[in-house]
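Visitor: Supplied in structure tokens, the structure appears directly below.
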Amino acid sequence: MVTATFVDGPELGALLYWPEEASRRLPSALWLPADADEESSLVAALGSAWESFQWCGMGTWFAPATAPELPAGLADRYDGLQRELIAEGTLTTPRGLTVRTEWSTLNPGSGALHEFLTAAREARGNGTSLALMGKGASPKAWYAASTAMMHRGLLAFGGIGGTDREEANRSASLTYLATGPGAGYASLVPLDHHPWGGYVLVGDATILSALRSALPDPVPGLAEATWEDVVRRAGSLAL
1 MVTATFVDGP
11 ELGALLYWPE
21 EASRRLPSAL
31 WLPADADEES
41 SLVAALGSAW
51 ESFQWCGMGT
61 WFAPATAPEL
71 PAGLADRYDG
81 LQRELIAEGT
91 LTTPRGLTVR
101 TEWSTLNPGS
111 GALHEFLTAA
121 REARGNGTSL
131 ALMGKGASPK
141 AWYAASTAMM
151 HRGLLAFGGI
161 GGTDREEANR
171 SASLTYLATG
181 PGAGYASLVP
191 LDHHPWGGYV
201 LVGDATILSA
211 LRSALPDPVP
221 GLAEATWEDV
231 VRRAGSLAL
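Heads up, the sequence shown is in the UniProt record's numbering, so the first residue is 1 and it goes up one at a time.
Written out as structure tokens, the structure is:
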């Protein structure tokens, strides 16, 4: 029977193709791969199993500064997904783009959850993030840490390039993922669909064990794929 399993920091680093030094700083993760055509079933199962946890999401959207309105936010893009707006911000880049970022608590029962996760995969961590935490935890620490991922979105539209940008992206992602255990959140990161979809939950052992215990048995849509299988097929995390 296929079950949710754990991978450690170096294994997670192998999925990201990161240097060993960076990989050693990564927390462990809950491994939840899925075949592409089964992923929506997996997302529905996760939303139902983890409805007692707080789901938090951050999204960043862009539009020309000359546009008459701001880019549409989360509530307008994903029906029924936003529960409460935590924070929002707008700025204009030197290249003339208006940038809108929102941080919100999410409704895991929304049918738009899979759509939001698909957009997060396509963004590959550039201006987007999603996390889970215990119901009594404050999302403020997650909000603060996720600003590193917001700045990744800004780098995608100007600034440093080449190997310097690659290093900056890795540093921002590592800061965000490694902060989770101390701040009480687990980061939800998609696999990149090459060849498997699904997700990993990155955090400390306590919250990962609680999330694992809350899952149904079997988990709908879960694929029989190890992290070694993914790396061997040149797959990785969408980050």
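Positions of the beta carbon are idealized from the N, C-alpha and C atoms, including for glycine.
1) When we look at the beta-carbon of residue 217 and count the other beta-carbons within 10 Å, is it buried (16 or more) or exposed?
2) Output the distance between the C-alpha atoms of residue 190 and residue 123, rounded to the nearest integer angstrom.
3) For residue 36, count neighbouring C-beta atoms within 10 Å of its own C-beta (all shown protein chains included) and say buried if the count is 16 or more, exposed if not.
4) Mind checking who residue 64 pairs with in its DSSP beta bridge?
5) So residue 41 is in the beta strand (DSSP E); what residue range does that whole segment cover?
6) Kindly indicate which three-state DSSP category residue 7 falls into: helix, strand or coil?
7) Leaving out the 5 sequence neighbours to the left and right, which residues in its chain are closer than 6 Å to residue 197 when beta-carbon positions are compared?
8) What is the residue span of the beta strand (DSSP E) that residue 200 lies within?
9) Just to confirm my understanding: we take residue 84, look at its own chain, exclude 5 residues before and 5 after, and list those with CB closer than 8 Å. What are they?
10) Considering Cα atoms alone, identify which of 109, 9 and 209 is closest to residue 79.
11) Whole alpha helix (DSSP H) runs in the region 84-142 with 4 or more residues, listed along the chain?
12) Grab me the residues of residue 135's own chain with a C-beta within less than 8 Å of its C-beta, minus the 5 sequence neighbours each way, in chain order.
13) Using C-beta distances below 7 Å, list every residue in its chain close to residue 50, excluding the 5 sequence neighbours before and after it, in chain order.
Guide: On the basis of the supplied data:
1) Against the sequence shown, residue 217 aligns to sequence position 217. By the neighbour-count rule (16 or more Cβ atoms within 10 Å), residue 217 is not buried but exposed.
2) By 1-based counting over the sequence shown, the position of residue 190 is 190. By 1-based counting over the sequence shown, the position of residue 123 is 123. About 11 Å.
3) If you number the sequence shown from 1, residue 36 lands on position 36. The residue is exposed, with fewer than 16 neighbouring Cβ atoms inside 10 Å.
4) Within the sequence shown, numbered from 1, the residue matching residue 64 stands at position 64. Its beta-bridge partners are 97.
5) For the purposes of this step, residue 41 is taken as the residue at position 41 of the sequence shown. Segment 39-49 is the alpha helix (DSSP H) holding residue 41; no beta strand (DSSP E) there.
6) Within the sequence shown, residue 7 is the residue found at index 7, counting from 1. In the structure shown, residue 7 sits in a strand (DSSP, three-state: E or B).
7) Residue mapping note: residue 197 aligns to position 197 of the sequence shown, counting from 1. Excluding residues within five positions, the ones whose Cβ falls inside 6 Å are 34, 36, 39 and 191.
8) Position 200 of the sequence shown, counted from the first residue, corresponds to residue 200. Residue 200 -> beta strand (DSSP E) spans 197-203.
9) Along the sequence shown, read from residue 1 onward, the residue named residue 84 stands at position 84. Cβ neighbours of residue 84 beyond the five flanking positions: 104 and 105.
10) In the sequence shown, counting from the first residue as 1, residue 79 sits at position 79. Out of 109, 9 and 209, 109 has the C-alpha closest to the C-alpha of residue 79.
11) 113-123
12) The residue you call residue 135 lines up with position 135 of the sequence shown. Correct list, in chain order: 52, 53 and 54.
13) Here residue 50 refers to the residue found at position 50 of the sequence shown. Closer than 7 Å at Cβ, skipping near neighbours: 108, 132, 211 and 214.
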